[in-house]
Structures are given as C-alpha cells and as structure tokens.
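The structure appears below as structure tokens.
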Amino acid sequence: MKIRELELEVMRYDPEKDDEPWFQTYTVPCNEDWVILDAINYVKDNLDTTLAYRWSCHMMVCGSCGMMINGEPSLTCKTFIRDLPDKVRVEPLENFPVERDLVVVLDDVMQKLHKVQPYIIRKDDPPAEDQEYIQSRGALAKFKQLTMCINCMCCYAACPQYGLDNNFIGPAALALAHRYNKDSRDQGQSDRLDILADYDGVWDCSFVGACSEVCPKHVDPAAAIQQMKVDGAVEFWKQKMGIPGDKS
Amino acid sequence: MSRKPYVRTMSTTTWYMRNGRYKVYVLRELTSFLVAFYCFLTIFALAALASDSPDRWNAFLASQQGTGMVIFHALALLYFLFFQTMPWFKLAPKAMPVQLGEKKLPDSFIIIGHYVAWVILSAFIFWLAGVI
Numbered sequence: 001m002k003i004r005e006l007e008l009e010v011m012r013y014d015p016e017k018d019d020e021p022w023f024q025t026y027t028v029p030c031n032e033d034w035v036i037l038d039a040i041n042y043v044k045d046n047l048d049t050t051l052a053y054r055w056s057c058h059m060m061v062c063g064s065c066g067m068m069i070n071g072e073p074s075l076t077c078k079t080f081i082r083d084l085p086d087k088v089r090v091e092p093l094e095n096f097p098v099e100r101d102l103v104v105v106l107d108d109v110m111q112k113l114h115k116v117q118p119y120i121i122r123k124d125d126p127p128a129e130d131q132e133y134i135q136s137r138g139a140l141a142k143f144k145q146l147t148m149c150i151n152c153m154c155c156y157a158a159c160p161q162y163g164l165d166n167n168f169i170g171p172a173a174l175a176l177a178h179r180y181n182k183d184s185r186d187q188g189q190s191d192r193l194d195i196l197a198d199y200d201g202v203w204d205c206s207f208v209g210a211c212s213e214v215c216p217k218h219v220d221p222a223a224a225i226q227q228m229k230v231d232g233a234v235e236f237w238k239q240k241m242g243i244p245g246d247k248s
Numbered sequence: 249m250s251r252k253p254y255v256r257t258m259s260t261t262t263w264y265m266r267n268g269r270y271k272v273y274v275l276r277e278l279t280s281f282l283v284a285f286y287c288f289l290t291i292f293a294l295a296a297l298a299s300d301s302p303d304r305w306n307a308f309l310a311s312q313q314g315t316g317m318v319i320f321h322a323l324a325l326l327y328f329l330f331f332q333t334m335p336w337f338k339l340a341p342k343a344m345p346v347q348l349g350e351k352k353l354p355d356s357f358i359i360i361g362h363y364v365a366w367v368i369l370s371a372f373i374f375w376l377a378g379v380i
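Sequences listed follow chains A and B, in order.
For what it's worth, my numbering labels the leading residue of the first sequence as 1, then goes sequentially.
For what it's worth, my numbering labels the leading residue of the second sequence as 249, then goes sequentially.
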C-alpha cells in the first residue's frame with residue numbers, strides 16, 4: 001500500500017482554555033485509499049488524544065462526521081485523500097456554534113426538524129385492524145429520494161441564508177417536511193403550511209442551491225424547497241377560493 | 249464543566265466571497281438591478297407614448313439609438329443570457345419535476361422545452377416588432 005504524507009490542519013477549540021479557535025497541524029502518514037476520517041482517527045490514536053470529533057459508522061449512514069474539508073462541507077468518511085492536495089484543512093461545520101474542536105452544537109436544527117411535524121398526520125379514522133395504508137410504487141417514487149437524508153447537516157453548513165439568519169428553518173428540515181407532504185398516506189399538508197409558509201419558511205430560501213450540491217446522499221433539498229413554494233402558492237389560492245386541498 | 253460554544257459569524261457584507269458557488273449566485277442575483285433598470289425604461293417609454301406628443305416619443309427612441317446605449321443593451325442581453333436565462337432554465341426541472349408513473353421525465357426534456365418556448369416567444373416578439 002502506497003503511503004503518502006498528509007499535512008492535516010485541524011481547527012482546535014477548548015472552551016475551558018481558549019477564547020477563540022486556532023489551528024494545529026499534524027503530519028499524518030496515510031494510505032492512498034484512506035478517507036479524511038481515517039486520517040483524523042490516526043491523529044486521535046497516535047498523535048493527540050485530546051482531539052474531539054464525532055463519527056460512528058464510517059460508511060455514509062450515520063451522518064455524524066460532517067466537517068468542512070478545505071472549506072467545503074462534506075462527510076469525512078466519503079472524502080478520499082487521493083482526491084485532495086497534500087495539505088488539507090479540517091474545520092467544524094460552518095454556521096453552527098463550536099462546542100469543542102470539530103464538534104458543533106446541533107440543538108437548533110434538532111428543534112427545527114421537530115417543528116415541521118415530520119410524521120404521518122391523518123385526519124380520518126385509522127384503518128381497520130386487518131387493513132393498512134396502501135401506497136403504489138409511483139406514489140412512493142414522489143418522495144423516496146427525500147427519505148435518504150441522514151441529518152449530516154452539510155446542507156446547513158453550505159447555506160448562506162442560514163449562516164446570515166439562523167431563524168430560517170433551513171434545507172434538511174424543509175426537505176423532511178416536503179417528504180411528508182408528498183407522502184400519499186399523509187393528510188397534514190395544511191397543518192405544516194403555517195410553519196413552512198411563514199417568514200422563516202420556504203420563502204426565506206433564495207435558491208442558492210449550495211445545499212443540494214454538497215448533499216452526500218443526493219437528497220436535493222433545494223428542489224424540495226422550490227416545489228414547496230409552488231405547492232404553498234397553489235394551496236394559498238385554493239384556500240382563498242374555498243377549494244378543498246388534496247394530494248397533487 | 250460549563251459550556252462555552254464559540255460562535256463564528258458570517259459577514260453580512262463579504263459572505264459571498266467565501267466560495268465560487270456564492271459568487272455565481274450573487275452574479276445571478278445582480279441581474280435584479282438590470283430588471284429594475286428595464287422596468288423604469290418601460291415606464292419612461294409608456295409615459296412618452298401616453299403623452300400624445302410625437303416629439304417626446306421620438307426623443308425617447310433617439311435616446312436609445314446612440315452607440316453607448318446600443319452597446320449597453322447588447323451587454324445587458326449577454327449578462328441576462330448567461331446569468332439569468334441559462335441558470336434558471338437549468339434549475340427549472342428542480343422546481344417543476346414531471347413524474348410519469350414511477351419514472352421522472354428526464355431533466356433535459358424540461359430544459360429543452362424552456363429553450364423552445366423561448367425561441368418561439370422571441371420570434372413572436374420580433375414578428376410583432378416588424379423585424380421578421
């Protein structure tokens with residue numbers, strides 16, 4: 001296995017000692033098939049045990065290891081060293097407060113994910129005991145891509161709208177709302193409209209599109225938000241004209 | 249142990265310098281100045297037309313035919329083309345996906361549809377203006 005030396009510049013912040021973050025450089029002997037997470041793990045195991053960061057699965061499933069790699073929000077388990085220059089800067093995800101080193105505070109987005117009511121809302125009686133909500137493949141295809149989100153929050157780190165004003169509900173939470181709005185089993189679209197069509201909802205998005213470009217799971221939150229703008233406008237006029245809402 | 253999260257703020261004046269993606273976005277959004285300019289120009293033209301004074305209308309037409317204005321209009325057209333029309337047509341399938349059964353209509357269909365509509369509308373306007 002070919003070994004390559006990587007100069008890993010890592011942002012450090014210890015809330016008990018530091019007033020502001022600073023950068024520490026480690027020289028890491030990497031295998032060519034390593035990802036950035038492997039290099040960070042090497043630092044933790046061999047060079048500096050004080051380094052704090054989140055990770056779990058190492059296979060793009062858990063969504064914990066999102067960081068800024070040379071200024072770009074990415075999953076460190078997905079970013080191969082062979083695709084990067086010899087000097088790599090790793091920082092905690094932008095637009096979030098830094099708890100310590102590479103760990104960010106995610107409380108705000110956790111509340112936002114909850115706020116959009118990301119669950120199936122039914123207005124009628126539940127199906128009989130031996131019945132179930134039937135969904136066709138075509139109906140599933142309408143939102144399946146949106147179910148791929150792993151809450152890595154790279155989209156929030158890429159979104160300048162959220163960076164400038166974090167009242168904005170933001171890409172992942174809005175995409176999650178759209179996932180339920182588009183689910184043929186759900187009847188809660190009008191319930192979510194108050195949150196989604198509010199000042200901090202879909203209209204705060206100016207379609208920079210960065211969220212979709214950095215999304216490691218190709219969820220395309222920007223598309224979901226634009227579709228919600230269309231749906232919201234249609235729903236608004238339907239309500240104005242007294243037409244009952246339904247699934248489109 | 250007490251928590252003391254460090255907040256990194258985003259500059260409200262220079263945030264778009266952070267990466268190329270933001271710069272392209274701002275170039276797209278800057279077309280709004282040109283949109284505003286052409287709105288005012290249309291209002292001027294309508295006011296000249298509504299004034300019932302052929303002199304005023306002719307003066308307006310003359311003001312748009314100078315070399316400087318022609319160059320400006322040509323540059324504005326190019327700017328709109330590269331930073332408004334093309335980006336928005338490219339993004340159109342995101343806002344208006346078309347699903348047929350289980351499959352999505354390929355994005356290229358929607359994008360090409362927009363260009364075709366653009367050519368037809370442009371041809372109509374040229375015909376209206378007596379150019380073709």
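Using N, Cα and C, we set each Cβ at its ideal position, and we do this for glycine too.
Status (buried if at least 16 other CB within 10 Å, exposed otherwise) for residue i
| i | result |
| --- | --- |
| Q347 of chain B | exposed |
| S248 of chain A | In this prediction, S248 of chain A scores a pLDDT of 44, lower than 50, which makes its location untrustworthy; the coordinate-derived value is nonetheless stated afterwards. It counts as exposed. |
| F330 of chain B | exposed |
| S206 of chain A | exposed |
| K2 of chain A | exposed |
| D255 of chain A | No information on residue 255 of chain A is available, as it lies outside the stretch 1 to 248 that chain A covers here. |
| I373 of chain B | exposed |
| A175 of chain A | buried |
| Y273 of chain B | buried |
| R276 of chain B | buried |
| V219 of chain A | buried |
| S259 of chain B | exposed |
| M110 of chain A | exposed |
DSSP-derived helix/strand/coil call for residue i
| i | result |
| --- | --- |
| G66 of chain A | strand |
| S248 of chain A | Annotation note: pLDDT 44 at S248 of chain A (below 50); position unreliable, coordinate value reported separately. Of the three classes helix, strand and coil, the one that applies to S248 of chain A here is coil, per DSSP. |
| S212 of chain A | helix |
| T27 of chain A | strand |
| P15 of chain A | coil |
| Q347 of chain B | strand |
| S250 of chain B | coil |
| F292 of chain B | helix |
| K342 of chain B | helix |
| P126 of chain A | coil |
| K87 of chain A | strand |
| I120 of chain A | coil |
| I243 of chain A | coil |
| F80 of chain A | strand |
| I150 of chain A | coil |
| I3 of chain A | strand |
| V283 of chain B | helix |
| K352 of chain B | strand |
Boundaries (first-last residue) of the alpha helix (DSSP H) holding residue i
| i | result |
| --- | --- |
| N41 of chain A | I36 to Y42 |
| V272 of chain B | G268 to E277 |
| E72 of chain A | Element bounds for E72 of chain A: not the alpha helix (DSSP H) but the beta strand (DSSP E), E72 to L75. |
| E99 of chain A | No alpha helix (DSSP H) holds E99 of chain A; the beta strand (DSSP E) holding it covers V98 to R100. |
| W375 of chain B | D355 to L376 |
| L325 of chain B | T315 to F328 |
| M110 of chain A | D107 to K115 |
| N306 of chain B | P302 to Q312 |
| Q131 of chain A | It is not in any alpha helix (DSSP H) - Q131 of chain A carries neither H nor E in the DSSP assignment. |
| R179 of chain A | P171 to N181 |
| R192 of chain A | Q189 to L196 |
| L51 of chain A | Where L51 of chain A is concerned, there is no enclosing alpha helix (DSSP H), given that its DSSP letter is neither H nor E. |
Unbroken beta strand (DSSP E) run spanning residue i, endpoints
| i | result |
| --- | --- |
| P260 of chain A | Because residue 260 of chain A is not part of the residues shown, which for chain A are 1 to 248, the question remains open. |
Residue from the options with nearest C-alpha to residue i
| i | options | result |
| --- | --- | --- |
| M228 of chain A | B:T262, B:S356, B:K342 and B:I359 | B:K342 |
| R100 of chain A | A:E32, A:K115 and A:L51 | A:L51 |
| C155 of chain A | A:M68, A:H58, A:H178 and A:R54 | A:M68 |
| T25 of chain A | A:V43, A:K240 and A:K17 | A:V43 |
| P92 of chain A | A:D165, A:V10, A:M60 and A:D130 | A:V10 |
| K142 of chain A | B:L353, B:V379 and B:I360 | B:L353 |
| R122 of chain A | A:L106, A:C65, A:R192 and A:Q161 | A:R192 |
| W22 of chain A | B:T261, B:Y254 and B:G268 | B:Y254 |
| N70 of chain A | A:V88, A:M153, A:L6 and A:Y133 | A:V88 |
| D125 of chain A | A:F80, A:D186 and A:G66 | A:D186 |
| G201 of chain A | A:I81, A:Q226 and A:C215 | A:Q226 |
| S250 of chain B | A:M153, A:E16 and A:A224 | A:E16 |
| I36 of chain A | A:T79, A:W55, A:D86 and A:M60 | A:T79 |
| N167 of chain A | A:W203, A:G66, A:N151 and A:A222 | A:W203 |
| F320 of chain B | B:S301, B:G378 and B:F285 | B:F285 |
| G108 of chain A | A:H58, A:G163 and A:V214 | In the sequence as presented, Gly is not what sits at residue 108 of chain A; that position holds Asp. Nearest of A:H58, A:G163 and A:V214 to D108 of chain A, Cα basis: A:G163. |
| P335 of chain B | B:C287, B:F292, B:Y363 and B:T260 | B:Y363 |
| A39 of chain A | A:I120, A:L8 and A:M59 | A:L8 |
| F96 of chain A | A:M241, A:D19, A:A157 and A:A224 | A:A157 |
| P29 of chain A | A:D18, A:N41, A:E20 and A:D19 | A:N41 |
| R12 of chain A | A:V103, A:V61, A:G188 and A:E94 | A:V103 |
Interface residues of chain D facing residue i [CB-CB closer than 7 Å]
| i | result |
| --- | --- |
| K142 of chain A | Of the chains in the structure shown, none is chain D; the protein chains are A and B. |
Exercise. Does the stretch 227–241 of chain A come within contact of the stretch 181–200 of chain A, defined as at least 3 CB pairs closer than 8 Å?
Worked result: yes
Exercise. Are the stretch 208–217 of chain A and the stretch 263–270 of chain B touching, with three or more C-beta to C-beta distances below 8 Å?
Worked result: yes
Exercise. Is there contact here, the stretch 170–180 of chain A with the stretch 305–315 of chain B, by at least three beta-carbon pairs under 8 Å?
Worked result: no
Exercise. Taking one C-beta from the stretch 135–150 of chain A and one from the stretch 177–184 of chain A each time, how about it: are there three or more such pairs within less than 8 Å?
Worked result: yes
Exercise. Counting Cβ pairs, one atom from each stretch, are 3 or more of them under 8 Å apart for the stretch 313–332 of chain B and the stretch 362–370 of chain B?
Worked result: no
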